Amino acid sequence: MNIFRLTGDLSHLAAIIILLLKIWKSRSCAGISGKSQVLFALVFTTRYLDLLTSFISLYNTTMKVIYIGCSYATVYLIYMKLKATYDGNHDTFRVEFLIVPVGGLAFLVNHDFSPLEILWTFSIYLESVAILPQLFMISKTGEAETITTHYLFFLGLYRALYLINWIWRFYFEGFFDMIAIVAGVVQTILYCDFFYLYVTKVLKGKKLSLPA
Amino acid sequence: GSDDDGHDEL
């Protein structure tokens, strides 16, 4: 555990909590892509199956349970409890175009051809692109609520901090995981355009809106 | 990544 890993995890936690609280407090999931949230629930489910097979640390187990729990709570709010506020007309990204290639790649490029390891690999690849339906939705509507942009910022920041964590671990522990690193680079690159808008607009007190 | 102890990172 190093400071980049820890702040990365806390950033991830902040993102998840911000989104859940935003939806809960406003009683609305307008502007939120339910598809991205389902993909994240799928990511956590397939990655954290090792909760059932191996114990790493109390920290590890606790965070995994919180991530999964919050993720399913978010999906429940969007598709069940607050379904009337869900903006499905703008959430039109075709997720099969992500899941099918990602599933194929997980079978072809993995550390070990075992069910748990293939599912872990699938979750790493899927996480790297799971935000695309949300970004697609924002590009379609041309705007995002400020609180939604805070969510996206912390979610993007988390993987960027993990990149520094991986550099740290390579230098000080001689450890590297090529699958996680490459997927993490892809994931972080997808947020770059958003990071630019966040810094130049949202942090200056303006709403995030895209030119028509 | 490929060790038997599972994945430490989240």
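Chains as they are written, first to last, in this note's numbering: chain X, 1 to 212; chain B, 1001 to 1010.
For each residue, glycine too, the CB sits at the ideal point set by N, CA and C.
Since we're looking at a predicted model, the values are computed, not measured.
Identify, in the order they occur along the chain, each residue of the same chain with its Cβ nearer than 6 Å to the Cβ of residue 191 of chain X, setting aside the five sequence neighbours on each side.
Annotation for residue 191 of chain X: 156 place their beta carbon closer than 6 Å to its own, counting only its chain and skipping 5 residues before and after.
Can you pull out the residues from the region 68-87 of chain X whose beta carbon lies closer than 8 Å to at least one beta carbon of chain B?
Listed by position along the chain: nothing, the set is empty.
Going by alpha carbons, who is nearest to residue 17 of chain X out of X:2, X:197, X:72?
Closest by alpha carbon: X:72.
Closest by C-alpha distance to residue 124 of chain X, when choosing among X:106, X:95, X:27:
The shortest Cα separation from residue 124 of chain X among X:106, X:95, X:27 belongs to X:106.
Using CA atoms only, rank isn't needed, just tell me which of X:171, X:76, X:109 is closest to residue 29 of chain X.
Ranked by how close their Cα comes to the Cα of residue 29 of chain X, the residues X:171, X:76, X:109 have X:76 in first place.
Name, in chain order, the residues that DSSP records as bridge partners for residue 144 of chain X.
Beta bridge pairing from DSSP links residue 144 of chain X with X:208.
Chain-ordered neighbours of residue 5 of chain X on chain B, where CB pairs are closer than 8 Å:
For residue 5 of chain X, the chain B residues whose C-beta falls within less than 8 Å of its own C-beta are 1009, listed in chain order.
Simplified DSSP assignment, three categories, for residue 109 of chain X:
Coil.
Residue 86 of chain X and residue 34 of chain X - do their beta-carbons sit closer together than 8 Å?
Taking a C-beta distance under 8 Å as the contact criterion, residue 34 of chain X and residue 86 of chain X qualify as a contact pair.
For the structure I just gave you, are there three or more beta carbon pairs, one from the region 173-189 of chain X and one from the region 8-22 of chain X, closer than 8 Å?
As far as the Cβ criterion goes, the region 173-189 of chain X does not touch the region 8-22 of chain X, which means the pair count is below three.
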